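Under our numbering, the letters of the sequence shown match residues 4 to 94, in that order.
Contents: one structure, followed by commentary.
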Amino acid sequence: MLSTPNFQYLTVRKIISQPTDSSAQDFNTNRKSEIYIKETLKNIPRCKICNGLIHRNSISIDHIQRKEDGGLANVDNGQITHPYCNTGYKN
Ligand SMILES: [Zn+2]
């Protein structure tokens with residue numbers, strides 16, 4: 004297919020295999036990525052309703068005690084959730 008003139012715009016990405024030698028002293032690119040993901044997953048925020056991971060661009064602040072039940076807008080009564088989870092799902 005790649006040799007067909009109509010598909011000359013296609014490119015084949017070469018996957019560069021890197022040695023997985025655990026005795027190497029320098030981190031290769033894959034190992035660096037693995038370490039970055041390992042470290043950041045420890046500290047990533049989770050939705051307090053469904054416990055799913057939350058992206059920083061998709062956060063909603065939820066009343067732990069609902070306003071209908073007298074919950075106030077103070078720091079101790081707030082929690083981060085997904086916007087969807089804060090739309091009545093828990094009620
Ligand atoms: Zn959620």
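Glycine included, each C-beta is placed from N, C-alpha and C at the ideal position.
Just so it is clear, the structure is predicted and the values come from calculations on it, not from any experiment.
Please determine whether the Cβ atom of residue i lies at a distance below 8 Å from any heavy atom of ligand 1.
i     : result
Gly81 : no
Based on DSSP bridge pairs, tell me the residues matched to residue i.
i     : result
Gly73 : For Gly73, which the question treats as bridged, DSSP gives no partner whatsoever.
Asp29 : According to DSSP, Asp29 bridges with nothing at all.
For a test of the three-state rule: what should DSSP assign to residue i, helix, strand or coil?
i     : result
Gly81 : strand
Arg49 : strand
Ile40 : helix
So, under 8 Å CB-CB, residue i and residue j are touching, yes? Tell me the CB distance rounded to an integer number of Å.
i     : j     : result
Ile57 : Pro48 : 5 Å
Task: Lining residues of ligand 1 - beta-carbon closer than 7 Å to any non-hydrogen atom, in sequence order - done: One residue list follows from the rule of a beta carbon closer than 7 Å to any heavy atom of ligand 1, given in chain order as Cys50, Ile52, Cys53, Gly55, Thr84, His85, Tyr87 and Cys88.
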